[in-house]
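For the sequence shown, full-length UniProt numbering gives the first residue as 1, with consecutive numbering after it.
Report on one structure; see the data block that follows.
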Amino acid sequence: MPSLSLRINLDPDGRIGPGKIELLEQIAAFGSISAAARGMEMSYKHAWDLVEDMNRVFGKPLVAAQTGGRKGGGAQLTAVGLAVVSRFRAIERAASAAAATHMEALQAEIDAG
Numbered sequence: 001m002p003s004l005s006l007r008i009n010l011d012p013d014g015r016i017g018p019g020k021i022e023l024l025e026q027i028a029a030f031g032s033i034s035a036a037a038r039g040m041e042m043s044y045k046h047a048w049d050l051v052e053d054m055n056r057v058f059g060k061p062l063v064a065a066q067t068g069g070r071k072g073g074g075a076q077l078t079a080v081g082l083a084v085v086s087r088f089r090a091i092e093r094a095a096s097a098a099a100a101t102h103m104e105a106l107q108a109e110i111d112a113g
């Protein structure tokens, strides 16, 4: 069955898609940018650059990071970060529902070969 992948272009020059949302979800799950990066098989620097880009685009932090030390560092999503994930997933569900009939028709074309 065909699947739908959503990427949202944001004004003025940003965008958000499944990779950035997954990164945010992994940060929320692990409480760590480095653990999220490892889980997604990307470098810590790349993950941190993506977080900084999202913070810039939204004009406020999506992730609150604490530097390491005796008790170690950590990261968690801010209220804005949680809202962005929730809204993206809601938009994704709505788009999938709206496209379901057309996706089934595409699959039927493939199956008809």
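Every residue gets a Cβ at the ideal spot worked out from N, C-alpha and C, and that includes glycine.
For clarity, every value in this text was computed on a predicted model and none was experimentally measured.
Euclidean distance between Cα positions of residue i and residue j
| i | j | result |
| --- | --- | --- |
| residue 61 | residue 20 | 14 angstroms |
| residue 83 | residue 24 | 11 angstroms |
| residue 54 | residue 17 | 11 angstroms |
| residue 108 | residue 37 | 38 angstroms |
| residue 67 | residue 97 | 41 angstroms |
| residue 99 | residue 8 | 16 angstroms |
| residue 59 | residue 15 | 13 angstroms |
| residue 110 | residue 102 | 13 angstroms |
| residue 93 | residue 79 | 21 angstroms |
| residue 87 | residue 4 | 17 angstroms |
| residue 35 | residue 95 | 31 angstroms |
Neighbourhood of residue i by C-beta distance below 8 angstroms, restricted to the same chain and skipping five residues each side
| i | result |
| --- | --- |
| residue 33 | 27, 44, 47, 48, 51, 63, 65, 75 |
Status (buried if at least 16 other CB within 10 Å, exposed otherwise) for residue i
| i | result |
| --- | --- |
| residue 10 | exposed |
| residue 77 | buried |
| residue 113 | exposed |
| residue 81 | buried |
Residue nearest to residue i in terms of C-alpha spacing, selected from the options
| i | options | result |
| --- | --- | --- |
| residue 6 | 110, 89, 103 | 89 |
| residue 22 | 13, 14, 42, 3 | 42 |
| residue 29 | 85, 57, 4 | 85 |
| residue 12 | 31, 57, 73 | 57 |
Cutoff 6 angstroms; reference residue i; Cβ partners in own chain excluding five residues on either side
| i | result |
| --- | --- |
| residue 1 | 107 |
| residue 105 | none |
Cβ-based neighbour list, residue i, same chain, cut-off 7 angstroms, excluding 5 preceding and 5 following
| i | result |
| --- | --- |
| residue 40 | 22, 23, 26 |
| residue 31 | 74, 75, 76 |
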